[in-house]
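Chemist:
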Amino acid sequence: MASILRIIAQRLGLGLLTLLVVSIVIFTAVNLLPGDFAQAILGQGATPEAIEAIRKDLGLNDPPVTRYFQWLGGAIQGDLGNSFAQANFASFAGSDTGSGLASVAAQVGPRFANTMFLAGVTAMIAVPIAVTLGILAALYRNSIFDRAANVMTLSSISSPEFFMAYVLILFLAVLNPILPSLSNIYDGMEFSERLTKTLLPALTLTLVVTAHMMRMTRAAIINLLASPYIEMARLKGISPMRVIVKHALPNALAPIINVIALNLAYLITGVVVVEVVFVYPGIGQLFVDSVKIRDIPVVQACCLIFAAAYILLNLMADILSIISNPRLRHPK
Amino acid sequence: MSESELLLKVRDLQIDGRSDEIWNPIINGASFDLKKGEVMGLIGESGAGKSTMGLASMGYTRDGCRISGGTVEFDGIDLVNAAAAVKRDLLGKRIAYVAQSAAASFNPAHRLIDQHTEAPVQHKVSSRSDSEADGIELYRKLRLPNPDEIGFRYPHQVSGGQLQRAMTAMAMACRPDLIIFDEPTTALDVTTQIEVLASIREIVEEFDTAAIYITHDLAVVAQMADKIKVMLKGDEVEEADTRTMLSAPTQEYTKSLWAVRSFQRPQKPAVHTSATPIISVRNVTAAYGKVPVLHDVSFDMHEGRTVAVVGESGSGKSTTARCITGLLPPKSGHIEFNGEAMPLDYRKRNKDQLRQAQMIYQMADTALNPRKTIGELIGRPVQFYMGLTGKAKRRRVDHLLEEIELEPEIYFNRYPSELSGGQKQRIGIARALAAEPQFIICDEVTSALDQLVAEGILKLLAKLQDELGLSYMFITHDLATVKSIADEVVVMKDGRVVEQGPKDDMFKPPHHAYTDLLLSSVPEMDPDWLTNLLNERGVDNIGDAAVGKM
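Residue numbers (my numbering), protein chains in the order written: chain H, 1 to 332; chain V, 1 to 550.
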C-alpha cells in the first residue's frame, strides 16, 4: 500500500508541475492574441486617451512578467481576478475604480457547474452503454451484432456534432415531442426539470463519445483472449460470458479507464458546438464569448480550468489503472 | 481390456492448422486408448503435435486449428461432434488440464483459491466453502508451504514450482477422471522439477486419475508414465509400455532419441598452474540497482577449454556473463584478459578488447534481427571488427557459413524466419566467430532446442574449439550438457560460487551438498529412479525443501 501512496503522491506532484507549465503557456498565448480589450469595448471611434485610461486602469500596461505573477498569485489563493466585460465602465471616469468590477469566479462558477452537470449526465449514460457494448462485441466478435455495433458507433462519431444534435431534435423534440429542444437551465430549477432539459444534449454527446470507449473495451478484451490464462479458463469449462467478464475484463481495465478519462475530459472542455445548438449555458459558450471580446481574465480562468480537468482526470485514470493491477496492489 | 475400463478412445485423429489461408495437416492420424487410472506419456520434439493432440483429447482446438477427421470418445461421449455446452460440462469437471507455464496460466487478477474453487462452483460439484477447504487439503497433500494461507495469495506472489503444484491442485478440484499434463515441469529448475514430479505422481496415484503426460524429456516420462507414445512431426512412431519402450525400442527414430545423451568429450589434462588464464574473474561483486546479485565471484578460464557455469535460475550465471562483457560493470573486483585488467564498462573498451569476448544467446529467435539477411547478419561483425568489405567480406562470410555446416549459396540471402531453430543458433555461432575471438560466452545456447538438434550444436562447438583453440564459458542449468562438453565446472548458487574444479572431479563424490543435490535431481532413464530416490531420501529431502535446509 505504501508504494501505491508514494506513486500517487508522485503523480500528484507531477500534475501540479504540469499545471504550472500550462499556466505559463496559457498566459503567453492569451497575451499573444491580437487586439485588446480596451479597443474592443470602446469601438473604432474611441480616442487614444480613453483607451489608454482603461488600459492603465486594468493594469494592462504593466510588464507581462509582473502581470503573470499577479495573476498566478491570485489564482493560487482562489482569486481569478475580475472580469473586464462585466465591469461598470462608468466608474472609469472617476477615481473610484474596482467597485464596479465583477469577479471571474462569480461568472465562471455557475457555468462550470452546468458543464459538470451535463458531463455527469452524459457519463452516466455513455460509460455503461459503451462498456457493455464493448464486452458484448468482444463476446460475439465478428458476428452481425459486433459489426452493427461498430458501424453504428463509428457513423455517430464520424458525423458532425451539430448534425447529430439536429437529428435528435428532429426525432425526439419535433416529430415526437418527448424532450425539450432548448436546454436553457437556470439556478433554482427543479432537479427533474433540469435533468429533462439536459437530456437531449447529453444524448448527443453520448453518441459522440461512445464509439471510442466501446472500441477500446472490445480491443482490450480481445487482445487478452489469446493469453494462456484465458485458455485455462475455457479448459475449466467456464462459460464464454464469464470468461470475458471475470477473466479478461479485470486485466483489460487499464486501457479502458484511460480512454474513459480522455472522453470525460473532452466532455468538460470541448462541447461548445452542442452547447450552442441547445442554448445550454455551459462554460464552453462563456469561453468563446470571452475570447471574442478579449475578456482576458475569463479566458485565462477557463483555460486553467480546462487544463486542470484534463490533468486531474488523467491523474485519476493513472491511479485507477495502478489500483487495478494486483501486482502493485499486493506486492510480494 | 473390458469396455467398462476404457476411458478415452482416440481413433485416426487428424488435425489441420491454418497458415496463409491454407489448411495444413498437423496430426496425420493418431490412435490410442487410455484406461481408467492409466498414465500415458506423449513424447516428441517441438512441432511434433504433442500439445495439439493433448488438447484434442479434451475436444478442444486452439484458434487456427480444426479436427478434420477421426474420433475422440471420452467415456462414450463423442467429443469431436459434441455441442459446446456438452463439452463445457465435461471440461474442468471430468477432464482437467495442467499447462506448461503456471505463471502465465493463472489469471493475474485473482487469488489462487478463487481460481481453484471456480470450476467446482461453476459446475455445481461443491459449494464455495467446501471446495475452499478441499483446496487447502490438496495444497497440504502436494506439500506446498503454508497450505492454509498460500491460496489467498495472487499468482505473482508465489514461486514457479509452487504455482505448478497449485495448478495441479486446481486440476484435481473436481476429482476429474482424466488430466492432461502439458509439459508441466519444462520451465522449472531440476531441484524444483523433482518435487513437482513427486507431487504429481503421488496425487495421480491416490485419486486413481488417468493422465496424458506430455513432455520432450524422456527421463521425466520414464518416471511418470505406464506407457509411452512417440510422435514425430504429426505422425505416430510407436507405442509401448514404459519398460519395453526404454529397453527395446523398435523404431529407428526412437532409438536415436534414446541415444542422444551418449555424446561426451574426454576430459582434457589439467592446466599448468603457472599458465595465464585467458579470462580471469576476480572477486566480482555486482548489483542491479540496489539488489545485490553477485558476491565475490572468482574463477579462471584457460585457452582452448570449456568452463561450464551451472546453477538454477537466479543464481547469477548470466549476470556473471554480463559483467565479463562489460554490459553490467561490477561494483567491485575486476576482469582480467590474458593477465591484464580490462575496463569494466564496455563503452571504455577498445575494439580489440571488445572483439576478444563474443556472445551466443539462448534465444536465437530474438538475438537475430529479423529484417536482415544471414549475409548481412554475419557480414556486419566481419566488416566492423576485421575491416573487410566487398569480395573479401563475402569470402569470409562464405567461409564462416561453411564452418557452421550451412551451404553459403543457399543461406546467404535468407532471412532468419526461413531457418529452423537449430540453424538460427548456428548463425548465432557464426556471428560470434566473425569477430575471430579467443573467448565465447555461450548462454544456455541449447536450452531452447530439441535434444537431437542440441547435440548437433554441441558437436559443432566442440569441433570449432579443436580447430580454432577457442575458450568457452558455457552457461547452462542442464547437467547432461555439462557432462558432454565441459572441462571445468563452476557451480553457482545465490550469486556465489559454491564449488569449482575439473569435470571428472565434480561428477565424483564427495561433493558440496548443493552440487550433490543438483546432480541427484537430474532424472535418469531408469523408470525406478524417482521411486528409489524418494525411498532413499524421503519426500522432505528433495528439491526446494532440501535447498531450504542448507
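Heads up, the beta-carbon is just placed ideally off N, CA and C, and yes, glycines get one too. Computed from a prediction, not measured in an experiment: that's the story for all the values here.
Quick check on Leu33/H: does DSSP put it in helix, strand or coil?
Modeler: The residue labelled residue 33/H in the question sits at position 33 within the first sequence. Residue state, collapsed to three classes: coil.
Chemist: What span of residues does the beta strand (DSSP E) with Val310/V cover, start to end?
Modeler: As a working note, residue 310/V is residue 310 in the second sequence. Segment Thr306 to Val310, the beta strand (DSSP E) holding Val310/V.
Chemist: What span of residues does the beta strand (DSSP E) with Cys442/V cover, start to end?
Modeler: Taking the first residue of the second sequence as 1, we reach residue 442/V at position 442. Its beta strand (DSSP E) spans residues Phe439 to Asp443.
Chemist: Excluding the 5 residues preceding and the 5 following Ala202/H in the sequence, name in chain order all residues of the same chain whose CB lies nearer than 8 Å to its CB.
Modeler: For this step, residue 202/H is matched to residue 202 along the first sequence. Counting only Cβ-Cβ distances below 8 Å, and skipping sequence neighbours, we find Leu118, Val121, Thr122 and Ile125.
Chemist: Tell me the rounded alpha-carbon separation between Asp226/V and Tyr253/V.
Modeler: Taking the first residue of the second sequence as 1, we reach residue 226/V at position 226. Taking the first residue of the second sequence as 1, we reach residue 253/V at position 253. If I take the Cα positions, the gap works out to 21 Å.
Chemist: Residues of the segment 288–316 of chain V in Cβ contact with chain H at a cutoff of 9 Å, in chain order, please.
Modeler: The segment 288–316 of chain V vs chain H, Cβ under 9 Å: nothing.
Chemist: Give the residues of chain H in contact with Ala104/V, contact being defined as C-beta atoms less than 8 Å apart.
Modeler: Mapped onto the second sequence, residue 104/V falls at position 104. The answer, in chain order, is Ser227, Pro228 and Tyr229.
Chemist: Contact criterion: CB-CB distance below 8 Å. Does Gly92/V meet it with respect to chain H?
Modeler: One-based indexing of the second sequence puts residue 92/V at position 92. Yes - at least one Cβ of chain H is within 8 Å of the one on Gly92/V.
Chemist: Kindly list the residues whose CB is nearer than 6 Å to the CB of Ser95/H, restricted to its own chain and excluding five residues on each side of it in sequence; keep chain order.
Modeler: The sequence position of residue 95/H within the first sequence is 95, counting from 1. Below a pLDDT of 50, predicted positions are generally treated as unreliable, and Ser95/H, at 40, falls in that range; the measurement from the model is reported next regardless. So the list is empty, once near-sequence residues are dropped.
Chemist: What residues from chain V crowd round Ile238/H, counting only those whose CB sits closer than 8 Å?
Modeler: Indexing the first sequence from 1 puts residue 238/H at position 238. Going along chain V in sequence order, the residues near Ile238/H (Cβ under 8 Å) are Arg88, Gly92, Glu118, Ala119 and Gln122.
Chemist: So for Ser313/V, helix, strand or coil by DSSP?
Modeler: In the second sequence, counting from the first residue as 1, residue 313/V sits at position 313. Three-state result, Ser313/V: coil.
Chemist: What would DSSP say about Ser131/V, mapped onto helix, strand or coil?
Modeler: By 1-based counting over the second sequence, the position of residue 131/V is 131. Reduced to three states, the DSSP call for Ser131/V is helix.
Chemist: Need the endpoints of the alpha helix (DSSP H) that Phe474/V sits in, please.
Modeler: Within the second sequence, residue 474/V is the residue found at index 474, counting from 1. Unbroken run through Phe474/V is the beta strand (DSSP E), Ser471 to Thr476; no alpha helix (DSSP H).
Chemist: From Pro277/V to Tyr411/V, what distance separates their C-alpha atoms?
Modeler: Taking the second sequence and counting its residues from 1, the one referred to as residue 277/V is at position 277. Taking the second sequence and counting its residues from 1, the one referred to as residue 411/V is at position 411. Cα-Cα distance, rounded: 37 Å.
Chemist: By the three-class DSSP mapping on this structure, what secondary structure does Gly15/H have?
Modeler: Against the first sequence, residue 15/H aligns to sequence position 15. Gly15/H falls in the helix class under three-state DSSP.
Chemist: Per DSSP, what kind of secondary structure is Thr61/V in: helix, strand or coil?
Modeler: Walking along the second sequence from the start, residue 61/V turns up at place 61. Thr61/V: coil per DSSP, three-state reduction.
Chemist: Just to confirm the assignment, what range does the alpha helix (DSSP H) spanning Arg329/H have?
Modeler: Along the first sequence, read from residue 1 onward, the residue named residue 329/H stands at position 329. It spans Pro326 to Arg329 - the alpha helix (DSSP H) in which Arg329/H sits, taken as one unbroken run.
Chemist: From the beta carbon of Leu235/H, is the nearest beta carbon of chain V less than 8 Å away?
Modeler: Walking along the first sequence from the start, residue 235/H turns up at place 235. Yes, contact with chain V.
Chemist: Buried or exposed: where does Phe337/V fall if 16 or more other Cβ atoms within 10 Å of its Cβ makes it buried?
Modeler: Stepping through the second sequence from its first residue, residue 337/V is reached at position 337. Per the 10 Å Cβ criterion, buried.
Chemist: With H, G and I counted as helix, E and B as strand and the rest as coil, what does DSSP make of Gly17/V?
Modeler: Taking the second sequence and counting its residues from 1, the one referred to as residue 17/V is at position 17. Strand.
Chemist: Mark Thr538/V as exposed unless 16 or more other C-beta atoms lie within 10 angstroms of its C-beta, in which case mark it buried.
Modeler: Along the second sequence, one-based indexing puts residue 538/V at 538. The amino acid occupying residue 538/V in the given sequence is Gly; Thr does not appear at that position. Classification for Gly538/V: exposed.
Chemist: At a CB distance below 8 Å, what residues from the segment 138–162 of chain H approach chain V? Give them in sequence order.
Modeler: Per Cβ criterion, the list is empty.
Chemist: Whole angstroms are fine: how far does the CA of Pro266/V sit from the CA of Pro502/V?
Modeler: Along the second sequence, read from residue 1 onward, the residue named residue 502/V stands at position 502. Along the second sequence, read from residue 1 onward, the residue named residue 266/V stands at position 266. Using only the alpha carbons, I get a separation of about 12 Å.
Chemist: Taking Cβ positions only, does Met232/H come closer than 8 Å to chain V?
Modeler: In the first sequence, counting from the first residue as 1, residue 232/H sits at position 232. Taking Cβ atoms only, chain V reaches closer than 8 Å to Met232/H, which makes this a yes.
Chemist: Let me check understanding here. Comparing Cα to Cα, which of Leu249/H, Val291/H and Ile283/H lies closest to Arg111/H?
Modeler: Taking the first residue of the first sequence as position 1, residue 111/H is located at position 111. When each option's Cα is compared against that of Arg111/H, the closest is Ile283/H.
Chemist: Within the continuous alpha helix (DSSP H) that includes Pro110/H, where are the two ends?
Modeler: For this step, residue 110/H is matched to residue 110 along the first sequence. Val104 to Leu139 is the extent of the alpha helix (DSSP H) around Pro110/H.
Chemist: Taking the alpha carbon of His110/V as the point to measure from, which residue in Glu312/V, Lys9/V, Pro292/V and Gly151/V has its own alpha carbon closest?
Modeler: Here residue 110/V refers to the residue found at position 110 of the second sequence. Out of Glu312/V, Lys9/V, Pro292/V and Gly151/V, Gly151/V has the C-alpha closest to the C-alpha of His110/V.
Chemist: Per DSSP, which residues does Ser280/V bridge with? Please list them.
Modeler: Along the second sequence, one-based indexing puts residue 280/V at 280. DSSP lists Asp300/V and Glu336/V as partners of Ser280/V.
Chemist: Could you tell me the alpha carbon to alpha carbon distance between Val259/H and Thr217/H, rounded to whole angstroms?
Modeler: What you label residue 259/H is simply residue 259 of the first sequence in a count that begins at 1. What you label residue 217/H is simply residue 217 of the first sequence in a count that begins at 1. Looking at the two C-alpha atoms, the distance is approximately 9 Å.
Chemist: Please identify, using Cβ separations under 8 Å, the residues of the segment 250–270 of chain H that lie next to chain V, in order along the chain.
Modeler: Listed by position, the residues of the segment 250–270 of chain H near chain V (Cβ gap below 8 Å) are Pro250 and Asn251.
Chemist: Give me the residue from Arg11/V, Leu518/V, Gln264/V and Lys331/V with the minimum Cα distance to Tyr288/V.
Modeler: Locating residue 288/V in the second sequence gives position 288, where the first residue counts as 1. With distances taken between Cα atoms, Tyr288/V lies closest to Lys331/V.
Chemist: Give the range of the alpha helix (DSSP H) segment to which Lys351/V is assigned.
Modeler: In the second sequence, counting from the first residue as 1, residue 351/V sits at position 351. Start and end: Lys351 to Gln356.
Chemist: So, using beta-carbon positions, are Asp443/V and Ser318/V closer together than 8 Å?
Modeler: Working through the second sequence from its first residue, we reach residue 443/V at position 443. Working through the second sequence from its first residue, we reach residue 318/V at position 318. In contact: Asp443/V and Ser318/V (Cβ atoms closer than 8 Å).
Chemist: Across the segment 484–503 of chain V and the segment 284–298 of chain V, are there enough close Cβ pairs to call them in contact, namely three or more that are closer than 8 Å?
Modeler: They touch, by the three-pair rule.
Chemist: Can you give the Cα-Cα distance for Val279/H and Lys87/V, rounded to whole angstroms?
Modeler: Looking up residue 279/H in the first sequence gives position 279. Looking up residue 87/V in the second sequence gives position 87. Each residue's Cα considered, the two are about 58 Å apart.
Chemist: Counting contacts by CB-CB distance shorter than 8 Å, is Pro108/V in contact with chain H?
Modeler: As a working note, residue 108/V is residue 108 in the second sequence. At least one chain H Cβ lies under 8 Å of Pro108/V.
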